[in-house]
Amino acid sequence: MSSQAARLVVLVSGSGTNLQAVLDASADEAYGAEVVAVGADRDDIEGLARAGRAGVPSFVEKLSDHPARDAWDRALAARIAEYRPDLVVCAGFMKIIGAPTLAAFPVLNTHPALLPSFPGTHGVRDALAYGVRITGCTVMLADAGVDSGPIVAQEAVPVLDDDDEKTLHERIKTVERSLLVETVGRMAREGWTVTGRSVRLGRSGG
Ligand code: GRF
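Going by the numbering used here, the sequence shown opens with residue 40, and the numbers climb by one from there.
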């Protein structure tokens with residue numbers, strides 16, 4: 040792996056197919072980013088197994104091992120910091136990132152809906168229940184809120200008449216994985232600028 044590659048710490052809580060897509064992309068040195076560690080908030084998830092199979096170090100920091108949320112926030116930031124990331128990527132990480140991590144690193148997040156519609160844990164279910172005909176996925180910078188940070192990239196996915204939550208989420212995830220891989224790669228290779236809520240990829244922000 041190139042010493043020039045941007046260092047990524049990827050956080051997961053589940054199956055880790057988004058993580059896998061980034062791992063696969065980073066096998067090509069031209070991608071410009073490498074996963075230097077995978078972090079999780081729970082044991083025994085496929086996301087951690089994927090890290091193991093890829094030979095990437097991993098760590099688990101559980102909320103239940105701490106007396107209070109802010110202690111967990113600090114512990115998570117310290118674990119991440121050990122790997123000196125250029126970018127932290129939440130790929131299906133089911134916790135809000137706290138101030139210590141946000142203050143130390145840029146944090147990217149991915150969500151299976153077209154924000155600002157349907158933020159939160161049940162974005163796919165909520166979009167379906169509302170009856171939208173088009174939903175999609177959003178890659179955004181994390182802030183202190185729930186899926187409320189500046190948007191970096193979005194892609195639309197149509198809702199089909201016979202969709203249920205599972206079929207729709209799987210179709211969104213296919214698009215989401217490509218969008219995340221493309222966005223992380225461009226951020227790593229080209230940099231980005233944030234002006235208010237507006238994010239522009241590229242060295243000059245153009
Ligand atoms: C993704 O759709 C992510 O946006 C959502 O949970 C899913 C994670 O999938 N929060 P995976 O663990 O990457 O397979």
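Glycine included, C-beta positions come from ideal geometry on N, C-alpha and C.
All values derive from a computational prediction rather than experimental measurement.
Contact belief for residue i with residue j at Cβ below 8 Å, rounded distance in angstroms
i      : j      : result
Leu58  : Gly86  : 5 Å
Val127 : Leu62  : 16 Å between Cβ atoms; not a contact.
Gly55  : Gly170 : Not quite, the Cβ-Cβ distance comes to about 31 Å (not below 8 Å), so this is no contact.
Pro197 : Arg172 : 7 Å
Arg81  : Phe98  : About 12 Å; that fails the 8 Å criterion.
Gly224 : Glu194 : Gly224 to Glu194, Cβ: 15 Å. No contact.
Gly226 : Leu240 : Here the sequence assigns Met to residue 226, which means Gly is not the residue at that position. Confirmed, Cβ separation roughly 6 Å.
Proximity test, residue i beta-carbon vs the ligand GRF heavy atom, cut-off 8 Å
i      : result
Lys212 : yes
His208 : yes
Ala110 : no
Thr149 : yes
Val51  : yes
Gly78  : no
Thr56  : yes
Ala90  : no
Ala130 : yes
Glu16  : Given a span of 40 to 245 for the chain in the structure shown, any question on residue 16 remains unanswerable.
Gly175 : no
Met179 : no
Gly184 : no
Glu100 : no
Bridge partner(s) assigned by DSSP for residue i
i      : result
Ser179 : For the sequence presented, residue 179 should be read as Met rather than Ser. Paired residues: Asn148 and Ile190.
Leu126 : Leu47
Pro197 : Ile173
Arg239 : Thr232
In chain order, which continuous runs of the alpha helix (DSSP H) of length 4 or greater are located wholly inside the stretch 65-115? 85-92
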